[in-house]
Structure formats: C-alpha cells, structure tokens
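Below is one structure, written out as structure tokens; comments come after it.
In the numbering used here, the protein residues as written are 2 to 318.
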C-alpha cells in the first residue's frame, strides 16, 4: 500500500433521489413499442424508439416530405455502392412519387448503372482478373460509354444525360432498371462527377480526356444551378465519402458567391461508416446557418428501403 495515499473514505458522499433527476430517456416518450405479427409498415416505423438513429431517420423523412409539399428540391447524391446494392427500383419509386427532383452520381455509379441496363449485372471480381490485365476492359462498358459521351458532347448534353439517352436510344434490355434512363425519360436532372483516372472507362482507347472533362464540367455547372435553389430543400448524400461532398461544397460556394442566399435546407449523410468529408462538407458546414444536418449509419440495402418506404407511407397518409 502507498505510504502517501490511502483509499478514500466514501462515508461522507451525498446522494439524492433518482425521482428528482433529469433523464435523457424515459419509457413514456422514448421506448419502442413491441413488434407484432401482421403490423403495417407505418405501425412498425412509428413503433421504433424515439431516439438516436431512429429519430434521425424520422427527421429526414419529414424534411423530404415537407420540402416537396412546398415545391422545394430534394437532391439525391449517390456513390457506386448504392447502385451495386440493387437499389434502383427503390430510388425509382421516389422519383415516380415526385419525392426526388435531381440525381447526382460519381463515375462508378454511372458505370454500374450502365452495365446493369445492358446485361442485367455488374460488379466484376477485381481480384480474380487484376493480375491477368483484364480488370475494367469490358468493351461494351468502356467503348459504349465513351462513344456515348462523344455523341452527347456534340449534342450539347452533359455526362449524365448523354449516358441516360444512350441507354434509351439503344434500347438496352434492362433499361427499366437504370436510374440514368429513368431520369432521362422523366426529364429529371442527373449529373455525373468524375475525377480523371478513377473510372475503368478511362482505361480504354476510346477515352478522350477533353470530352470527359467537358462533359462532367457541364454537369457541375448544372448542379450548381440546382444548388442555387436549395433553400428549404434537402440534400441526401448516400455512399460517397469524398467526391460528391467536395462537389457539393464547391457548388454551394459558387451559389453564395453569385449572390444566391442558400440557407434553411436539410442535409443527411447515409453511409456504413461516417467519414470526415461528408460530416464536414454535407452535414455540418452547409447547415451552420438555419439548416439541419443528420447522420444515418448503416447498410444502404437496409436504410434506403426504410427511408423510401417511410416517405411513401407518409405521403399516402
């Protein structure tokens, strides 16, 4: 035993009644209801705890529904994994219900969407073909998309519109499963934002850096125009950890610089892990005025159908 210190005497410690304490959680306001067989989705959603992630999800649902009720934009920004998870039918349901007014993608999302439209499948096994030199060299993907970009370039289209129109005009067998095609058919703005060298179609001999750069820059300017109108709206970042949060921040900065006071909007970041850029450039900085930011952590294939079902159930009610 230490010669300097002795165990402290606790006999003089003061206590109080738990009934006088303020608590963050209580049974009446926050606890979930017990699930039961046969309950409707609305009953299930309402039964979830009024706490943390469940309440954040409710906040995003309310923000989307309220924004559209006031004819304000709801922008969906997605990374490639969202498409690989097979969520196009879910996202299409939100577009069909007029709950999403613009779609933003990175390059990988556009590639996966294009491949799905063409052969009903995507996501090659990289490890199995990397060392043989075959990774990313599908002719239909690289050649097809680069030719579509060149044609769209000549027709004054942007990246997203060019690929979407290509899917429709060439009657891809699975075009009904393509988000790009859906947006093109419904005249929903769809933009694609790429960094040169990040996508497999940049490996192909048909790739033209000048055309690719111009096409994605056209989309950046279109997106910035959309962001100028974001006040009272919603920006949903789903599965993009770097590129789209950076694009969003720059578009917002241009909008403010040009005199468009963009404020009072809601943002949310959906991802399996919360990263620095989405948290900073989507959830926190842009909403530091009169806005509100949410973080929803978990698998896209679970949370996005939950989000969509809750939105559709709410507008039906």
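Glycine included, C-beta positions come from ideal geometry on N, C-alpha and C. This structure is a prediction, so every number in the text was calculated from the model and none was measured.
Measuring alpha carbon to alpha carbon, tell me which residue in 211, 59, 27 and 17 is nearest residue 155. As a first step, residue 155 must be located in the chain shown, where it is residue number 154. When each option's Cα is compared against that of residue 155, the closest is 211.
Under 8 Å, do residue 107 and residue 226 count as touching if we go by C-beta distance? Counting from 1 along the chain shown, the entry for residue 107 is found at position 106. Counting from 1 along the chain shown, the entry for residue 226 is found at position 225. Not a contact, by the Cβ cut-off of 8 Å.
Looking at residue 80: is its Cβ nearer than 8 Å to the Cβ of residue 57? The residue given as residue 80 occupies position 79 in the chain shown. The residue given as residue 57 occupies position 56 in the chain shown. No.
Leaving aside the five residues before and after residue 237 along the sequence, list all residues of the same chain whose C-beta is less than 6 Å from its C-beta, in chain order. Working through the chain shown from its first residue, we reach residue 237 at position 236. Taken in chain order, the residues that qualify are 77 and 269.
Between the Cα of residue 74 and those of 295, 230, 271 and 294, spot the shortest distance and give me the residue it belongs to. Within the chain shown, the letter at position 73 stands for residue 74. If we check each option's Cα against that of residue 74, 230 comes out closest.
Near residue 71, which residues of its chain fall below 7 Å by C-beta distance, leaving aside the five closest residues on each side in sequence? Taking the chain shown and counting its residues from 1, one reaches residue 71 at position 70. Result list for residue 71: 233, in chain order.
Suppose you measure from the CA of residue 12 to the CA of residue 26; what does that come to, to the nearest Å? The residue labelled residue 12 in the question sits at position 11 within the chain shown. The residue labelled residue 26 in the question sits at position 25 within the chain shown. Taking the straight line joining both Cα atoms gives about 30 Å.
When the Cα atoms are used, what is the spatial distance from residue 174 to residue 121? Position 173 of the chain shown, counted from the start, is the residue given in the question as residue 174. Position 120 of the chain shown, counted from the start, is the residue given in the question as residue 121. So the two alpha carbons sit approximately 8 Å from each other.
Note the first and the last residue of the continuous alpha helix (DSSP H) segment covering residue 131. As a position in the chain shown, residue 131 is number 130, starting the count at 1. Where residue 131 is concerned, there is no enclosing alpha helix (DSSP H), because DSSP gives it neither an H nor an E.
With DSSP as the reference, please indicate the residues paired to residue 295 in a beta bridge. Here residue 295 refers to the residue found at position 294 of the chain shown. Paired residues: 269.
According to the Cβ coordinates, are residue 161 and residue 204 closer than 8 Å? The residue given as residue 161 occupies position 160 in the chain shown. The residue given as residue 204 occupies position 203 in the chain shown. Against a cut-off of 8 Å, the Cβ pair of residue 204 and residue 161 comes out as no contact.
So, at 7 Å on beta carbons, what are the nonlocal neighbours of residue 207 in its own chain, with the 5 sequence-adjacent residues on each side left out? Taking the first residue of the chain shown as 1, we reach residue 207 at position 206. 143, 144, 147 and 148, listed in sequence order.
From residue 199 to residue 216, what does the alpha carbon distance come to, in whole angstroms? Position 198 of the chain shown, counting from 1, holds the residue named residue 199. Position 215 of the chain shown, counting from 1, holds the residue named residue 216. If I take the Cα positions, the gap works out to 16 Å.
At what residue ranges does the region 213-290 contain a whole run of the alpha helix (DSSP H), taking only runs of 4 or more? Within the region 213-290, the complete alpha helix (DSSP H) runs of at least 4 residues fall at 244-258.
Compare the C-alpha of residue 159 against each of 46, 189 and 21 and name the closest. Here residue 159 is taken as the residue at index 158 of the chain shown, counted from 1. Closest by alpha carbon: 189.
According to the neighbour-count rule (16 or more other Cβ atoms, all chains shown, within 10 Å of its Cβ), is residue 277 buried or exposed? Walking along the chain shown from the start, residue 277 turns up at place 276. When all chains shown are included, residue 277 counts as exposed.
Buried or exposed for residue 282, going by 16 or more other Cβ atoms inside 10 Å? Along the chain shown, read from residue 1 onward, the residue named residue 282 stands at position 281. Around the beta-carbon of residue 282, 16 or more other beta-carbon atoms lie within 10 Å, marking it buried.
Hey, how far is the Cα of residue 191 from the Cα of residue 180? In the chain shown, the residue the question calls residue 191 occupies position 190. In the chain shown, the residue the question calls residue 180 occupies position 179. Distance from the CA of residue 191 to the CA of residue 180, rounded to the nearest whole angstrom, comes to 9 Å.
Please work out which residues of its chain come closer than 8 Å, Cβ to Cβ, to residue 163, disregarding the five sequence neighbours upstream and downstream, and give them in chain order. In the chain shown, the residue the question calls residue 163 occupies position 162. Excluding sequence neighbours, residue 163 sits near 149, 150, 152, 153, 154, 156 and 216.
According to DSSP, residues forming a beta bridge with residue 107: The count along the chain shown starts at 1 and reaches residue 107 at position 106. Residue 107 is bridged to 194.
With distances taken from CA atoms, which of 94, 105 and 176 is nearest residue 364? Look at the range of the chain in this structure, 2 to 318, and you will see that residue 364 is not part of it.
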